[in-house]
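Position in the sequence shown counted from 1, then plus 1201, gives you my numbering.
Where a beta carbon is used, it is the ideal one built from N, C-alpha and C, also for glycine.
Input: a single structure, listed below in C-alpha cells.
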Amino acid sequence: MSDTQALVDSLLENVRDAIIIADAGGRVVRLGKAFGVITGFSDETADIAAMADLGEHFMREALSPQSDGRWHGIAKCGDGVERAFEVAVTAINGASPFPSLYLGMVRPAADLSPMSMEMGQFGYDPLTGLPNRDLFVDRVGQTVLQANRKGGSVALMMMGLDRFTLVNDALGHAAGDRLLVEIARRLRVCVRETDSAVRLEGDKFALVLAIADVDDSVIVAEKVLSAVKEPFALDGQEVVVTFSIGISVLPVDADSGAQMIKHAENALHHAKISGRNQYQFFSKDMNRKARSRLELEARMRRALAGDEFVVFYQPKVSADRDTIVGAEALIRWMDPERGMVSPGEFIPVAEESGQIEAIGSWVLWKSCQQNKLWQDAGLNPIKVSVNVSARQFHSRALLDTVVEVLDRTGLDPKWLELEITESMLMNDVDTAVRKMTALRDLGIGLSIDDFGTGYSSLSYLGRFPITTLKIDRAFIADVDSNPKTAEIARAIIGLSRGLNLEVVAEGAEVKEHISFLRDNGCDTVQGFYYSRPVAAAEFEKLMRQRVMAHC
Ligand code: C2E
Ligand code: MG
Ligand code: MG
C-alpha cells in the first residue's frame, strides 16, 4: 500500500469530521467512519447501501449548479431522525495515485426545522440531534407551566452513563460518539412524542415527562434501564453499559422547574453512589412506592406460575324469576402472605407492566373451561362474561386467544361474553368496530361494562356491534333516593331496549333496587342482594338450588 493510500485510510478511519470520497460522476467510493456516526447509522443496523445513498444525496445537492459546492439542509438519517447538515465539496483533479475525485466534508449543522428556526437555530446537540442544555431549562419550564395549568404531574429524570470514560479510553472517541448516538436513539423510543429527551453534556441525558400518575415515572425509568442494558456493537465488540437515573416529581417533591432540576441532580448523585444501574427518586416516599410496585410485579409473576389466582363467579339473576341466567368471572388473588388481594389493586399494575395479557388469557381459559364443566354436569347452561382490559382489547392476540380457548374447551361461543368499557373504544372508533365485529363473528357476546361513567356517547352506541349494556353500580346505588339518577337509569334501560340490547344492572344491593329495576324493565340483575362473587364450587351450589334466595 502506498503511503498516500495509508494516509487516506487513516484519515477516513480517525477524523471526527465525516468524509465522503466520490468519483467524477458523484458516486460514493469511500465513506469515513465518522459519516455513519453523525448520520445515525449505528454499527448494529448499518445499512451500507442506504448510507452510500445518503452520501450520494449530499454530493448531488452540493454539486448541483446552484449550490456551488456547498449545501446546507435537512436529511433523514439512518435512525429515521431528520437532522441538519452542512456539506462542502472540493474537486481533486487527478492527483496521483487517484483519478479525478470529489472530497465531501459533512458536518452537523444548526437545525433548520421550523420549530428550531423559531428558537433561533440553536438548542440542538449536533451529535445526537437531541435538544441540548439550552433548550432543556426551557422544556422543563414549559412542561411545569402546563402541568400547573392543567393539574398534571411532571417527572424529570437526569441520567448519567456508568463508566463512560472506560468506553472512550478503550475504544476511542469515535466509538464513544457512536455509543451516545445509539443511546439517544434508544431513549427516544422510551418516551412519547410529546415528552423531551435531552442531551445535557458528555454522557449526561435527561427526560422531561408530563405524567398522569407518578407510577408512570417508574414505568419509564424501568424501560430506560432495560433499553440501555441491551448490548451495543461497537467496532465489532459487544459493549454493555448501564445508566444511573435520578428522578424528581412535581408536585410531590418540587414546585418549580429549578427545584426539579436540583432535586433530580441530587437523586442522580445518590443513584451513582448507591451502586449504579438503578434509579432513585428524590423523595424517600417515592422510592418506597417504586420498590413496593416492583415487588408487586414480581409477586404477580410468581402468583401466575404458582396457582395463586382463582376465578370467582357472581350470579346474574332474572329478577322476575329469581333464577341464575349468567355469571361474571372476577379474578381473585390468594396471596399466601397478604391474603386475598382485590383486582382493583393489582389489575391496573398488571395492565401497565404488560402482565395483564397472560393473566387475562388465563381468566378466559379458566372461565370457559369451568362453564363447559358445568354444562357437562347437566346444569342449566348459562352465559359467563369475562372482563377484558384495555391492553388486552388492543392486543392483536385477543382474537386468536378467544378462538383457541373456545376450540380447546369445546364451549359453544354463545355462552361466552366479553365485557369491555367505553373508554377502550373511543380513541379509534373504526378500529374498535372492526375488532368487535371480528369477535362477534365468532358468535360470542359483547357487553359494555360500567355504562354511564365514561363517555356515554349515545351517538356511537348504535355503531358498536354489542349485545349487552351494563349499567354502572353508581347509578343503581342511588335510584331509590335520587330522582335524577333514577331518571338516568330509566333512560339507559329505555335506550338499551330501543337498540335491542340486553341490559344488566350491576351493584343491586337492596330490595328497593330490585323493585325499581323490575318496574322499569331491567330484568337481569347482578349484585350483593343476590350474591357476592363466590368460588366455583359455591356457585355450583347456587345453580343447583335453582331459585336464588337473597342474602
Ligand atoms: P367490574 O367488571 O365492574 O366488576 C364488578 C365489580 O363490582 C366487582 O368487583 C364486584 O365484586 C363488584 N360488585 C358486584 N356487586 C356489587 C354490589 O352489589 N355492591 C358493590 N359495592 N359492589 C359490587 P371486583 O371483583 O372487586 O372487581 C373490580 C374490577 O376489577 C372489575 O370491575 C373489573 O374491572 C376488574 N376485574 C376483575 N376481574 C378481572 C379480570 O379477570 N380481568 C380484568 N381485566 N379485570 C378484572
Ligand atoms: Mg365487569
Ligand atoms: Mg362493572
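Spatial distance of residue 1316 from residue 1277 (CA atoms): Against the sequence shown, residue 1316 aligns to sequence position 115. Against the sequence shown, residue 1277 aligns to sequence position 76. Interpretation of residue 1316 is limited by its pLDDT of 47, a score under 50 that renders its predicted location unreliable; no figure is taken from the coordinates.
Residue 1614 in three-state terms, based on DSSP: For the purposes of this step, residue 1614 is taken as the residue at position 413 of the sequence shown. Residue state, collapsed to three classes: helix.
Same chain, Cβ closer than 6 Å to residue 1359, neighbours up to 5 away in sequence not counted: Here residue 1359 refers to the residue found at position 158 of the sequence shown. Within the same chain, Cβ atoms closer than 6 Å to the Cβ of residue 1359 are found at 1407, 1447, 1465, 1466 and 1469, the five residues on either side in sequence being excluded.
Proximity test, residue 1588 beta-carbon vs ligand 2 heavy atom, cut-off 6 Å: Sequence index remark: in the sequence shown, residue 1588 carries index 387 (1-based). Checking every heavy atom of ligand 2 against the Cβ of residue 1588, one is found closer than 6 Å.
Option in 1267, 1274 and 1230 with minimal Cα separation from residue 1253: Residue 1253 sits at position 52 when you count from the first residue of the sequence shown. Minimum Cα distance to residue 1253 is reached at 1230.
Classification of residue 1588 by the beta-carbon crowding that lies within 10 angstroms, buried from 16 upward: Your numbering for residue 1588 matches position 387 in the sequence shown. Residue environment: residue 1588 is assigned as buried (16 or more neighbouring CB atoms within 10 Å of its CB, all protein chains considered).
Expected contact under 8 Å - CB spacing of residue 1725 and residue 1526 to nearest Å: Within the sequence shown, residue 1725 is the residue found at index 524, counting from 1. Within the sequence shown, residue 1526 is the residue found at index 325, counting from 1. About 6 Å separates the two Cβ atoms, so the contact holds.
Ligand 1 heavy atom lying under 6 Å from the CB of residue 1549: On the sequence shown, residue 1549 is found 348 positions in, with the first residue counted as 1. Judged by the Cβ position, residue 1549 fails to qualify as a neighbour of ligand 1 at the 6 Å threshold, every heavy atom of the ligand being at least this far.
At least three beta-carbon pairs within less than 8 Å, the region 1447-1464 to the region 1339-1358: Cβ pair count under 8 Å is three or more, so yes.
Candidates 1681, 1497 and 1609: closest to residue 1534 by CA position: Indexing the sequence shown from 1 puts residue 1534 at position 333. Of the candidates 1681, 1497 and 1609, the one whose C-alpha sits nearest the C-alpha of residue 1534 is 1497.
Candidates 1307, 1347 and 1574, of which the one nearest residue 1328 by Cα: The residue labelled residue 1328 in the question sits at position 127 within the sequence shown. Between residue 1328 and the set 1307, 1347 and 1574, the nearest pair of CA atoms involves 1307.
The region 1374-1383 contacting the region 1415-1427, beta-carbon criterion three pairs below 8 Å: Flag = no, the region 1374-1383 and the region 1415-1427 do not touch.
Nearest residue (CA-CA) to residue 1292, options 1374, 1302, 1284 and 1653: Residue 1292 sits at position 91 when you count from the first residue of the sequence shown. Out of 1374, 1302, 1284 and 1653, 1302 has the C-alpha closest to the C-alpha of residue 1292.
C-beta atoms of residue 1232 and residue 1221 nearer than 7 Å: Translated into positions along the sequence shown, residue 1232 becomes position 31. Translated into positions along the sequence shown, residue 1221 becomes position 20. The answer is yes: Cβ separation under 7 Å.
Pick from 1384, 1351, 1393 and 1485 that is closest to residue 1427, judged by C-alpha positions: Taking the sequence shown and counting its residues from 1, one reaches residue 1427 at position 226. Per the C-alpha coordinates, the member of 1384, 1351, 1393 and 1485 positioned closest to residue 1427 is 1384.
7 Å Cβ cutoff met for residue 1586 and residue 1620: Taking the sequence shown and counting its residues from 1, one reaches residue 1586 at position 385. Taking the sequence shown and counting its residues from 1, one reaches residue 1620 at position 419. In this structure, residue 1620 lies closer than 7 Å to residue 1586 by Cβ.
Rounded separation between residue 1349 and residue 1395 - CA only: As a position in the sequence shown, residue 1349 is number 148, starting the count at 1. As a position in the sequence shown, residue 1395 is number 194, starting the count at 1. Pairing residue 1349 with residue 1395, the inter-Cα distance amounts to about 17 Å.
Beta-carbon separation (whole angstroms), residue 1494 vs residue 1445, contact threshold 8 Å: The residue labelled residue 1494 in the question sits at position 293 within the sequence shown. The residue labelled residue 1445 in the question sits at position 244 within the sequence shown. Their Cβ separation, rounded to whole angstroms, is 20 Å, which puts residue 1494 and residue 1445 out of contact at 8 Å.
Terminal residues of the beta strand (DSSP E) in which residue 1588 lies: Stepping through the sequence shown from its first residue, residue 1588 is reached at position 387. First-last of the beta strand (DSSP E) with residue 1588: 1584-1588.
Residue range of the unbroken alpha helix (DSSP H) whose run includes residue 1498: Taking the first residue of the sequence shown as position 1, residue 1498 is located at position 297. According to the DSSP assignment, residue 1498 belongs to the alpha helix (DSSP H) that extends over 1485-1506.
Best match in 1749, 1403 and 1741 for proximity to residue 1579 [C-alpha to C-alpha]: If you number the sequence shown from 1, residue 1579 lands on position 378. Among 1749, 1403 and 1741, the Cα nearest to that of residue 1579 belongs to 1741.
Residue 1552 CB to nearest heavy atom of ligand 3 below 6 Å: For the purposes of this step, residue 1552 is taken as the residue at position 351 of the sequence shown. Distances taken from the Cβ of residue 1552 to the heavy atoms of ligand 3 include none shorter than 6 Å.
Same chain, Cβ closer than 6 Å to residue 1602, neighbours up to 5 away in sequence not counted: In the sequence shown, residue 1602 corresponds to position 401, counting from 1. Excluding sequence neighbours, residue 1602 sits near 1562.
Inter-residue Cα distance where the pair is residue 1576 and residue 1607: For this step, residue 1576 is matched to residue 375 along the sequence shown. For this step, residue 1607 is matched to residue 406 along the sequence shown. So the two alpha carbons sit approximately 14 Å from each other.
Residue 1544 (DSSP reduced to helix, strand or coil): Taking the first residue of the sequence shown as position 1, residue 1544 is located at position 343. Here residue 1544 sits in helix by DSSP.
Rounded distance between the beta-carbons of residue 1227 and residue 1264, thought under 8 Å: Here the question's residue 1264 lines up with position 63 in the sequence shown. Here the question's residue 1227 lines up with position 26 in the sequence shown. The C-beta separation of residue 1264 from residue 1227 comes to about 6 Å, placing the pair in contact by the 8 Å criterion.
Nearest-angstrom Cα separation, counted from residue 1556 out to residue 1484: As a position in the sequence shown, residue 1484 is number 283, starting the count at 1. As a position in the sequence shown, residue 1556 is number 355, starting the count at 1. Near 28 Å, if we compare the C-alpha coordinates of residue 1556 and residue 1484.
Reduced DSSP secondary structure (H/G/I, E/B, other) of residue 1436: Walking along the sequence shown from the start, residue 1436 turns up at place 235. DSSP places residue 1436 in coil when its eight states are reduced to three.
Nearest-angstrom Cα separation, counted from residue 1559 out to residue 1430: Taking the first residue of the sequence shown as 1, we reach residue 1430 at position 229. Taking the first residue of the sequence shown as 1, we reach residue 1559 at position 358. Their backbone Cα atoms lie some 25 Å apart in a straight line.
Nearest-angstrom beta carbon gap, residue 1672 and residue 1645 [assumed within contact, 8 Å]: One-based indexing of the sequence shown puts residue 1645 at position 444. One-based indexing of the sequence shown puts residue 1672 at position 471. No, residue 1645 and residue 1672 are not in contact; Cβ-Cβ is about 21 Å, not under 8 Å.
Residue 1235 versus residue 1294: straight-line alpha-carbon distance, rounded: Residue 1235 sits at position 34 when you count from the first residue of the sequence shown. Residue 1294 sits at position 93 when you count from the first residue of the sequence shown. Distance between the alpha carbons of residue 1235 and residue 1294 is about 25 Å.
Backbone CA spacing between residue 1641 and residue 1257 [nearest angstrom]: In the sequence shown, counting from the first residue as 1, residue 1641 sits at position 440. In the sequence shown, counting from the first residue as 1, residue 1257 sits at position 56. If I take the Cα positions, the gap works out to 53 Å.
Candidates 1647, 1624, 1730 and 1393: closest to residue 1704 by CA position: Start at 1 with the first residue of the sequence shown, and residue 1704 comes out as number 503. Across the set 1647, 1624, 1730 and 1393, the C-alpha of 1647 shows the shortest separation from the C-alpha of residue 1704.
Extent of the continuous alpha helix (DSSP H) run through residue 1267: The residue you call residue 1267 lines up with position 66 of the sequence shown. According to the DSSP assignment, residue 1267 belongs to no alpha helix (DSSP H), since it is labelled neither H nor E.
Any non-hydrogen atom of ligand 1 within 6 Å of residue 1681 CB: Looking up residue 1681 in the sequence shown gives position 480. No, Cβ of residue 1681 sits at least 6 Å from all heavy atoms of ligand 1.
beta-carbon residue 1707 near ligand 3 non-hydrogen atom, thresh 6 Å: Against the sequence shown, residue 1707 aligns to sequence position 506. Correct: residue 1707 has its Cβ closer than 6 Å to ligand 3.
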